[in-house]
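In my numbering, the protein residues as written are 2 to 264. All C-beta atoms, glycine included, are put in the ideal place defined by N, C-alpha and C. As the structure is a prediction and not an experimental result, all values here were calculated from the model.
Take a look at the structure:
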């Protein structure tokens, strides 16, 4: 164990209990299998979630977004429906042949505080480590064990910068090894995860707005009639769903069926 990691954790932990020792290994990103601890039983955050948001300025969580090659993107990590959140660990996975990791931040915008500190708590120190060429490990914790400072609800707990290497579709970012710990030291592994995709290509989403609507039907009719279509629309992966270089009447019919179903 390196000295700076030990000092970092000792600032957090003032009581020598087995649960806090387990939290120590958790925050440093180690895999541990310890029997007979409180985290073996479903804790207060067993039904919580974690999501990647590709538009942190929007109140909604956007798991899809468009980005050009070499266009910097900021991905927010969002804790969802948590109770008494004191410590967390998450890992973000990406394809290093398609995405470059730039940096990770505890806060990225002055008007958007980190959710972990919303109750006037202070953190030990935000830690982000690239554990291999395709995985980022992020951890943070509140100082002390004051339950009044541990937040409930949902909010952004980290921000990560990436740079797409190409313009090709379906450049995916995924979450794994997500753990939340409350002020009592109870750990919950989080399985309700929402991943993200840059330049996701959905079948018959011809205008690339991540839904099938009237505009898609109009573009489909243009394709059928050989009318010119804007180069920014109708990506091949959306209309050539059978990979036969054809877009037929059935495609337009599928769009209208989707419209009739409603949002």
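Around residue 195, the same chain offers 52 and 64 as residues with beta carbons nearer than 6 Å, after the five sequence neighbours per side are excluded.
In chain order, 127, 129, 137, 139, 159, 160, 161 and 162 place their CB closer than 8 Å to the CB of residue 105, counting only its own chain and leaving out the 5 sequence neighbours on each side. Three or more Cβ pairs closer than 8 Å define a contact, and the stretch 173-183 falls short of that threshold against the stretch 107-119. It is roughly 24 Å from the alpha-carbon of residue 69 to the alpha-carbon of residue 79. Residues 198 of the same chain have their beta carbon placed closer than 6 Å to that of residue 173, with the five preceding and five following residues left out of the count. When beta bridges are read from the DSSP output, residue 181 appears opposite 89 and 189. Taking C-alpha positions only, residue 186 is separated from residue 141 by approximately 14 Å. Short of 8 Å from the beta carbon of residue 193, and not among the five residues preceding or following it, lie these beta carbons of its own chain, in chain order: 48, 49, 50, 51 and 81. For residue 121, same chain residues with a beta-carbon under 8 Å away, outside a window of 5 residues either side, are 150 in chain order.
Annotation: the continuous beta strand (DSSP E) that includes residue 131 extends over 128-133.
For residue 220, the enclosing alpha helix (DSSP H) stretches over residues 215-225. Between residue 164 and residue 72, the C-beta spacing is below 9 Å. Looking only at 92, 148 and 166, the smallest Cα-Cα distance to residue 77 is reached by 92.
Here residue 135 has 94, 95, 96 and 97 as same chain residues with Cβ atoms under 8 Å from its own Cβ, once five neighbours each way along the sequence are excluded. If you look at residue 72, you'll find it isn't in any beta strand (DSSP E); DSSP assigns it neither H nor E. Residue pairing by DSSP places residue 165 opposite 100 in a beta bridge.
Contact between residue 166 and residue 88 does not hold, since their C-beta atoms are separated by about 33 Å, which reaches or exceeds 8 Å.
Setting aside the 5 residues that flank it on each side, residue 184 is surrounded in the same chain by 85, 87, 146, 148 and 151, each with a C-beta closer than 6 Å to its C-beta; the list follows chain order.
Here residue 181 is not near residue 156, since their CB atoms are 9 Å or more apart.
Judged by DSSP in its simplified three-state form, residue 118 adopts helix. In the DSSP assignment, the residues bridged to residue 65 are 198.
Per DSSP, the unbroken beta strand (DSSP E) holding residue 136 starts and ends at 136-142. In this structure, DSSP gives residue 254 a helical state, which the three-state scheme calls helix.
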